[in-house]
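Asks:
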Amino acid sequence: MIETVNASREVRGRLAPSPTGYLHLGNAWAFLMAWWAARQAGGRVLLRLEDIDPQRSRTEYALAIMEDLRWLGMDWDEGPVLASGGDCGLQEQGERGPYIQSRCMLFYAQALQQLEHLGCIYPCFCTRKELRALAGAPHVDDMGAPYPGTCRHLSESQRAAMRQSGRRASLRFHGPSEPISFNDVVQGQQCFRLDDCGGDFAVQRSDGVIAYQLAVAVDDGRMGVNQVVRGRDILPSTPRQIALLRLLGYEIPTYAHVPLLCDAEGERLAKRHNSLALRSLRAEGVPPERIVGLLAWLAGANPDRREASAAGVTASFRLDRLPRRDCRLDGSLMDWLRHGAPSGEATYE
Ligand code: GLU
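FYI, in the numbering used here the residues of the sequence shown are 161 to 509.
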């Protein structure tokens, strides 16, 4: 079944950064596309801070991310705003809040209860080490080791014995076995069985922290997000989120998984590429219009590679014309980014 959003409805797109580091060019690339897609449709942009993991998230990063987004020219209609006055806490605007995941625990607890009533979650006592050993792999990808279903059919007395032995349980979701299909605006028609993308997945970790998949599904659902634009590295999470959204009774958004931005060696940009943090580029004197101009050019929306404002690119951006292959920032592009056009070549419109 292909699910699409009713075209007459207002588009609600979102930017969903995790405040675990400073934004880099790769984040800016995906966020700009999400922003352009929503703005072009005359829709609303939501900012959601995904600070669900208390060990990795910091307010300092959240504040820096908001500042960097604004510096690049992106705004949002709902979400956290910087409080005025001396208070450096985060206030929020919009009717579907909270927009900061650490403030949404009640919603996640309700969703877990709902899933429990439906009989599709169960406690799992396996440790990461055990799962890795079972998978026979020294390390696992972002999705975690594929889960073989070890604890799915434990009896109540076996569970009690596990708890007695001091083991703490995570909660896993056992979803439908039928394939889940969706039409990705960039990647085309997709069809996954949950078993083929990691099997039963965690919705709550054994230390009580809510897992990414549950938090995102609950928040996209209750915030009425109907357009999700994000990196293609998250594509395998989408069937998981769709399964949760369906069971929780929410509408399924349209999805667009955009290509990734890679360095000259073809490696995906990540937080460890410190020199490509927006903060570092800004400190070097690179203007935001040049960053936007380069990213818009890579997205096919700025053929002459001119410096541009985020809002100035909106009308020429086409999500459905994006390349599927990843984009590489080679030396000459980095040179252009750092130094602009050779003297004499005009880049401002
Ligand atoms: N917070 C996630 C990240 O920064 C993005 C989640 C999403 O877009 O669904 O990688």
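Every residue gets a Cβ at the ideal spot worked out from N, C-alpha and C, and that includes glycine. Keep in mind the model is a prediction, meaning the values are calculated, not measured.
1. When the Cα atoms are used, what is the spatial distance from residue 347 to residue 317?
2. If the criterion is Cβ atoms closer than 7 Å, does the pair residue 421 and residue 408 meet it?
3. Should residue 335 go down as buried or exposed, given a rule of 16 or more other Cβ atoms within 10 Å for buried?
4. Check residue 241 in the structure and name its three-state DSSP category.
5. How long is the line joining the alpha carbons of residue 490 and residue 332, rounded to whole angstroms?
6. Beta strand (DSSP E) containing residue 403: first to last residue?
7. Who's in the neighbourhood of the ligand GLU, going by beta-carbon under 6 Å from any heavy atom, listed in chain order?
8. Who are the Cβ neighbours of residue 327 in its own chain at under 7 Å, not counting the five residues just before and after it?
9. For residue 459, which residues from the same chain have a beta carbon less than 7 Å from its beta carbon, with the 5 sequence-adjacent residues on both sides left out?
10. Taking 8 Å as the cut-off, does the region 376-385 touch the region 262-273 (at least 3 CB pairs, one atom from each stretch)?
11. Ignore the nearest five residues each way along the sequence and tell me which others in residue 186's own chain have a CB closer than 6 Å to its CB.
12. Please report the straight-line C-alpha distance between residue 498 and residue 462, rounded to a whole angstrom.
13. Can you grab the Cα-Cα spacing for the pair residue 441 / residue 178, in whole Å?
14. List the endpoints of the continuous alpha helix (DSSP H) containing residue 343.
Replies: On the basis of the supplied data:
1. 46 Å
2. no
3. buried
4. strand
5. 42 Å
6. Note, residue 403: premise wrong, no beta strand (DSSP E); alpha helix (DSSP H) at 398-408.
7. 176, 177, 178, 210, 376, 390 and 394
8. 285
9. 193, 477 and 482
10. yes
11. 421 and 429
12. 18 Å
13. 20 Å
14. Careful: residue 343 lies outside any alpha helix (DSSP H), inside the beta strand (DSSP E) at 340-344.
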